[in-house]
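Below is one structure, written out as structure tokens; the observations come after it.
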Ligand code: GLN
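In the working numbering, the protein residues as written are 16 to 314.
Printed below as a string of structure tokens:
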């Protein structure tokens, strides 16, 4: 028997000690991250790649991983050190208590957007059937979280990217909810779905101005889809204006439009809604930044 064969049989039998492996890769990660971040990243890798949760990581000292898993960790750590966001490395992100598959065709769900879903959901009646649009759905996180919370709702999710919709469809199946996904460009709408009555319109459209790129993290800029992020400096409310134009004629009398917005645009958003004759409220996020906009027909 060849030496390398002997070694691989040996490793296959007993694998790698999890704790030593964890220590080794945490040290590796410290080349690009603070020790705290490195530990957090290691915990996420073991949880999301192998399903070994934090409790087991701590309580089961005899745990071992096999050679394949070791190689997977090595590759994951390399990609993290290159700057790839951890959710793209594991292909997983949590949102509103649900697990989503993510890839570079969709934005990684943000805590602010989770807050948007929670705020919106707290205003919705639990017992009434309603129609919901999620405009620019990406991974599908908003649409799917709402469909899960309100099983009686009819949820339609739009996106311009067919690749994003593939991911979103998979996420709806994995989370066992029914959402209608439609590929359409909100700026050049073709779908007949825009002509149906709607009770809730919700959207986290692109809202970062091109000029704001300078202050952004490299891992966002280098890996996340720019079509989901950026708007031209000279027309930052482009998507909001268009969504309101489409939504207003279809909105039921007590219906509402909820947006996530750029923290620098609270005043302008409020102005835009008022110009359109809507009643508007701007709400703060977890960091006390103006982040959400709720608009209703003035009756
Ligand atoms: N909040 C996101 C960011 O800071 C932007 C999301 C968006 O443009 N809709 O990267």
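Beta carbons are placed, not taken as given, at the ideal position from N, Cα and C, and that holds for glycine.
Residue i, enclosing beta strand (DSSP E) - first and last residue
i: residue 116; result: 113 to 116
i: residue 198; result: 195 to 198
i: residue 295; result: 293 to 299
i: residue 307; result: 305 to 312
i: residue 110; result: 107 to 110
i: residue 237; result: Counting along the chain, residue 237 falls outside any beta strand (DSSP E), though it belongs to the alpha helix (DSSP H) covering 233 to 238.
Cβ neighbour criterion (16 or more within 10 Å) applied to residue i
i: residue 137; result: exposed
i: residue 24; result: Any reading at residue 24 must be qualified, since the residue scores a pLDDT of 49, below 50, and its modelled position is unreliable; the value itself is stated next. It is exposed - the Cβ of residue 24 has fewer than 16 other Cβ atoms within 10 Å.
i: residue 36; result: buried
i: residue 280; result: buried
i: residue 286; result: exposed
i: residue 309; result: buried
i: residue 100; result: buried
i: residue 300; result: buried
i: residue 229; result: exposed
i: residue 251; result: buried
i: residue 239; result: buried
i: residue 124; result: buried
i: residue 29; result: exposed
i: residue 57; result: buried
i: residue 260; result: exposed
i: residue 86; result: exposed
Candidates the options, of which the one nearest residue i by Cα
i: residue 126; options: 312, 307, 33; result: 307
i: residue 161; options: 175, 145, 72, 174; result: 145
i: residue 211; options: 265, 54, 257, 123; result: 265
i: residue 242; options: 221, 166, 201, 115; result: 221
i: residue 291; options: 141, 258, 304; result: 258
i: residue 98; options: 46, 179, 253; result: 46
i: residue 134; options: 122, 175, 272, 179; result: 272
i: residue 3; options: 206, 94, 253, 110; result: Only positions 16 to 314 of the chain appear in this structure, which leaves residue 3 out of reach.
i: residue 312; options: 277, 269, 296, 305; result: 269
i: residue 104; options: 112, 128, 118; result: 118
i: residue 178; options: 166, 201, 195, 153; result: 153
i: residue 200; options: 49, 303, 33, 149; result: 149
i: residue 256; options: 289, 235, 278, 233; result: 289
i: residue 218; options: 107, 129, 108, 57; result: 129
i: residue 207; options: 184, 173, 51, 40; result: 173
i: residue 44; options: 32, 248, 60; result: 60
Limits of the alpha helix (DSSP H) - the one that residue i falls within
i: residue 92; result: 82 to 97
i: residue 229; result: It is not in any alpha helix (DSSP H) - residue 229 carries neither H nor E in the DSSP assignment.
i: residue 123; result: Unbroken run through residue 123: none, as it is neither H nor E.
i: residue 215; result: Run containing residue 215: none in the alpha helix (DSSP H); it sits in the beta strand (DSSP E), 213 to 218.
i: residue 39; result: 33 to 44
i: residue 15; result: The chain is shown only over 16 to 314; residue 15 falls outside these bounds and no answer can be derived.
i: residue 138; result: No alpha helix (DSSP H) contains residue 138, which DSSP labels as neither H nor E.
i: residue 203; result: Element bounds for residue 203: n/a, residue is neither H nor E.
i: residue 73; result: 69 to 74
Q: Quick one: which unbroken beta strand (DSSP E) runs of 3-plus residues sit fully inside the stretch 143 to 184? Chain order, please.
A: 146 to 150, 169 to 174
Q: Mind listing, in chain order, the continuous alpha helix (DSSP H) runs of no fewer than 4 residues lying wholly within the stretch 242 to 302?
A: 253 to 262, 281 to 290, all fully within the stretch 242 to 302.
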